[in-house]
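Enquirer: The sequence shown begins at 24 in this note's numbering and counts up by one.
All residues carry an ideal CB built from backbone N, CA and C; glycine is no exception.
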Amino acid sequence: MRRWHRLRSPAANATNDEGGCKRIAGASPCPTPTAAGQYDLIAELYDGYPGNYLDDVVFFAEEAKRAGSPVLEVGVGTGRLAFCLAGIGIDVVGIDSSAEMLRVLERKRRQVGDLPGRVEAVQADMRSFKLDRRFPLAIVAFRTFLYLLTKADQRKALGAIGRHLQPEGRLIMSFFVPPKELIERGRTEPQEMARFASPGGDGEVVASDWAEFRARGQRVISHIAYEWRDADGEKTRRIERELVARYVYPEEVPPLLEGCGYRVVAAYGGFDRTELTGQEQAPGEQVWVAERVDGDANRRAAENAGRARRGR
Ligand SMILES: C[S@@+](CC[C@H](N)C(=O)[O-])C[C@H]1O[C@@H](n2cnc3c(N)ncnc32)[C@H](O)[C@@H]1O
């Protein structure tokens, strides 16, 4: 028996679905964000941090090569992953709800020039999008699934994605394993995450991050501070941005996928394809590979089996 069938965490059952908002000491006021709005505000800085992430690129490249083109990337953002896949000849169709993230993607497309694969991007919400085509593989990378703040939204998005998959097409989603100790503690300490040249050409940007966890609604609120320094290292400007997401326990995922017309094919505890145990240490990753279950094919197979049993 695969281990993901045995994943358990009592903490997951202790939370409600919609969140609500309880103040905790030192916490910011109750955020009522839209993911598009939050990402619009950091789009120009995203590729410096948090979009400097590289851990998943080889994994998704292997999966995309295996599945074939075009790949659907849900929450394509600035094309961090999409342009890497295009670089090895994979065509990518990306959707994203943030106009500003897509504006950066379009600028990057002009900067990178011709690639062996094509990147197409469409502004759309993953809960309700309709493209007139089906894909062998859909990927929801780098925590994008966590921007669905309710279970109803998770189901809507999985339904919409499923309607864009070919029969037996695959869905791959990756996001972090909720860090038990940090959730109990309620927050992380601020930490410098990246330094990069300011996209505006005005010095260096230092990005630091701390996160707040709220058990109610399984909220994780990332507080990202961007601080500009001039050539002498003097601070010239600072902004703070919040990203509100919903963390997801590994044991929530199989019933969610199965209820939305998928079959779990593999559950990895990292991009090295080790098996997911649910005990991964922060910042452990959960990587889910699922296959669309073709309802019509299943029904036809059951009908045929019934006919065969009745001797017709
Ligand atoms: C963490 S970024 C990931 C971007 C890109 N996939 C990457 O790996 O760098 C999450 C992206 O999901 C998008 N997003 C969040 N909620 C969305 C929704 N409901 N529909 C479409 N895109 C959404 C955000 O605008 C953002 O670009």
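Which first and last residues belong to the beta strand (DSSP E) in which V288 is found?
Expert: Note, V288: beta strand (DSSP E), Y285 to Y291.
Enquirer: Taking C-beta to C-beta, are D317 and P159 nearer than 8 Å?
Expert: Cβ atoms of D317 and P159: not closer than 8 Å.
Enquirer: So, at 6 Å on beta carbons, what are the nonlocal neighbours of F152 in its own chain, with the 5 sequence-adjacent residues on each side left out?
Expert: I118 and A183, listed in sequence order.
Enquirer: Name the two residues that bound the continuous beta strand (DSSP E) containing L266.
Expert: First-last of the beta strand (DSSP E) with L266: K258 to R269.
Enquirer: Can you give the Cα-Cα distance for R218 and I247, rounded to whole angstroms?
Expert: Each residue's Cα considered, the two are about 13 Å apart.
Enquirer: Answer yes or no: the CB of T167 versus the heavy atoms of ligand 2, is any distance below 7 Å?
Expert: Ligand 2 is not part of the structure shown, which contains ligand 1 as its ligands.
Enquirer: From R208 to L138, what distance separates their C-alpha atoms?
Expert: R208 and L138: Cα-Cα distance of roughly 46 Å.
Enquirer: Could you tell me which residues DSSP puts in a beta bridge with I244?
Expert: DSSP lists E235 and V267 as partners of I244.
Enquirer: Taking only three categories from DSSP, how would you classify V97?
Expert: Of the three classes helix, strand and coil, the one that applies to V97 here is strand, per DSSP.
Enquirer: Taking D176 as part of the alpha helix (DSSP H), name the residues at either end of that continuous run.
Expert: It spans K174 to G185 - the alpha helix (DSSP H) in which D176 sits, taken as one unbroken run.
Enquirer: From G98, P278 and P273, pick the residue whose C-alpha is nearest to that of V163; which is it?
Expert: Comparing Cα-Cα distances from V163 to each of G98, P278 and P273, the minimum goes to G98.
Enquirer: Taking the Cβ atom as the reference point for each residue, do A66 and R130 lie within a distance shorter than 8 Å?
Expert: No, they are not a contact pair.
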